[in-house]
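Report on one structure; see the data block that follows.
In my numbering, the protein residues as written are 3 to 320.
So this is what it looks like as structure tokens:
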């Protein structure tokens, strides 16, 4: 019990790091919003960002499309939308969890095929579910320290082709003998079940929240609120019923389901524990997709005539 309490305290302490970045020792919290929004030539800014649709792993529109092809589509669209000269982009960081070899070779190939010159370096990284965010952080930090002037943070995953038992490597006898090290292989769903129990988050609470999320997503999709951030991707898709391969254009997320209610979610069998609370309807979807963000200093954006969409302020590992 003491050990679990210690872990929870450590987690809460890490979470407070995020809010601490938004506070200043020199000013009170109330006026700090003005300090954050203050413009400086050295600000790291976002001038373009987009994503592919997110489709269901194993059965959606991208089930037959390699991760690097999705990334290629995002890169190509980012060049077209931003009108950036590809030769000005010095580094691209791609966050991804599943690709063999970390994806470094195929991701560089995707960048070259999209129109970036061989002078644009590409590297991959893996911070599990935060990989794409970490890619943006790495590019922002590289710009802030003067390593580069312009870069792209991206993320991609093809869970259709790369997700499954083989995605988790076996630990050596040495690592398996260490309790905390062995726990690294505990599935996310099992950990989530334990967290729900520890935090007293009932299945009813989760199903109601999930149903509300579906309703909002359906409404947003109908109003076209996702259209600006999504770039349609043309891919080859094999019909599982006829085995016919044809070319289709995927332009919308296919995991948004209309008519979902807390009651309908309540009928789904738990996925990770017999009497558990987490299931396919209230958990994150197995998905395929890619996204990319173009970053640079404010002074660079203004010099190039790039539209400034937002300002990167800070990040924290939690």
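Glycine included, every Cβ here is placed at the ideal spot set by N, Cα and C.
Which residues DSSP lists as bridging residue i, in chain order
{"i": "residue 47", "result": "298, 313"}
{"i": "residue 291", "result": "159"}
{"i": "residue 281", "result": "Answer is none; residue 281 lacks a bridge partner."}
{"i": "residue 353", "result": "Examination of residue 353 is not possible in this model, given that the chain is present from 3 through 320 alone."}
{"i": "residue 247", "result": "240"}
{"i": "residue 154", "result": "94, 296"}
Reference residue i; option with closest CA among the options
{"i": "residue 137", "options": "233, 93, 148, 119", "result": "93"}
{"i": "residue 57", "options": "105, 69, 264", "result": "69"}
{"i": "residue 318", "options": "254, 140, 119", "result": "140"}
{"i": "residue 257", "options": "286, 281, 235", "result": "286"}
{"i": "residue 275", "options": "227, 198, 217", "result": "198"}
{"i": "residue 306", "options": "128, 314, 84, 154", "result": "84"}
{"i": "residue 252", "options": "205, 67, 155", "result": "67"}
{"i": "residue 190", "options": "117, 131, 80, 59", "result": "131"}
{"i": "residue 316", "options": "255, 54, 143, 110", "result": "143"}
{"i": "residue 156", "options": "42, 78, 60, 149", "result": "78"}
Inter-residue Cα distance where the pair is residue i and residue j
{"i": "residue 103", "j": "residue 52", "result": "26 Å"}
{"i": "residue 349", "j": "residue 289", "result": "Since the first residue of the chain shown is 3 and the last is 320, residue 349 is not available in this structure."}
{"i": "residue 220", "j": "residue 259", "result": "7 Å"}
{"i": "residue 159", "j": "residue 224", "result": "26 Å"}
{"i": "residue 233", "j": "residue 291", "result": "11 Å"}
{"i": "residue 28", "j": "residue 222", "result": "Low confidence applies here, because residue 28 scores a pLDDT of 45, under 50, leaving its location unreliable and the question unanswered by this model."}
{"i": "residue 75", "j": "residue 282", "result": "29 Å"}
{"i": "residue 182", "j": "residue 172", "result": "15 Å"}
{"i": "residue 245", "j": "residue 101", "result": "26 Å"}
{"i": "residue 64", "j": "residue 239", "result": "7 Å"}
{"i": "residue 151", "j": "residue 174", "result": "42 Å"}
{"i": "residue 112", "j": "residue 293", "result": "13 Å"}
{"i": "residue 162", "j": "residue 169", "result": "12 Å"}
{"i": "residue 243", "j": "residue 236", "result": "21 Å"}
{"i": "residue 247", "j": "residue 176", "result": "47 Å"}
{"i": "residue 312", "j": "residue 129", "result": "24 Å"}
{"i": "residue 249", "j": "residue 40", "result": "48 Å"}
{"i": "residue 208", "j": "residue 195", "result": "11 Å"}
{"i": "residue 204", "j": "residue 167", "result": "29 Å"}
{"i": "residue 4", "j": "residue 200", "result": "Note that residue 4 scores a pLDDT of 46, beneath 50, so its modelled location is shaky; the value from the coordinates is reported in the next line. So the two alpha carbons sit approximately 13 Å from each other."}
{"i": "residue 218", "j": "residue 54", "result": "20 Å"}
{"i": "residue 116", "j": "residue 154", "result": "13 Å"}
{"i": "residue 44", "j": "residue 133", "result": "25 Å"}
Neighbourhood of residue i by C-beta distance below 7 Å, restricted to the same chain and skipping five residues each side
{"i": "residue 309", "result": "49"}
{"i": "residue 304", "result": "none"}
{"i": "residue 302", "result": "151, 152"}
Same chain only: Cβ atoms within 8 Å of residue i, ignoring 5 sequence neighbours per side
{"i": "residue 26", "result": "Its pLDDT being 47, under 50, residue 26 is placed unreliably by the model, and the measurement read from it follows with that caveat. Answer for residue 26: 34, 37, listed in chain order."}
{"i": "residue 241", "result": "247, 248"}
Sequence-distant residues of its chain with Cβ nearer than 6 Å to residue i (five each side left out)
{"i": "residue 184", "result": "178"}
{"i": "residue 262", "result": "213, 216"}
{"i": "residue 279", "result": "198, 205, 208"}
Q) On the three-pair Cβ rule with 8 Å, is the stretch 42 to 51 touching the stretch 289 to 308? A) yes
Q | Segment contact, 8 Å Cβ cut-off, at least three pairs: the stretch 119 to 127 with the stretch 83 to 98 | A | Under the Cβ criterion (8 Å, minimum of three pairs), the stretch 119 to 127 counts as touching the stretch 83 to 98.
Q) Are the stretch 263 to 279 and the stretch 207 to 220 touching, with three or more C-beta to C-beta distances below 8 Å? A) yes
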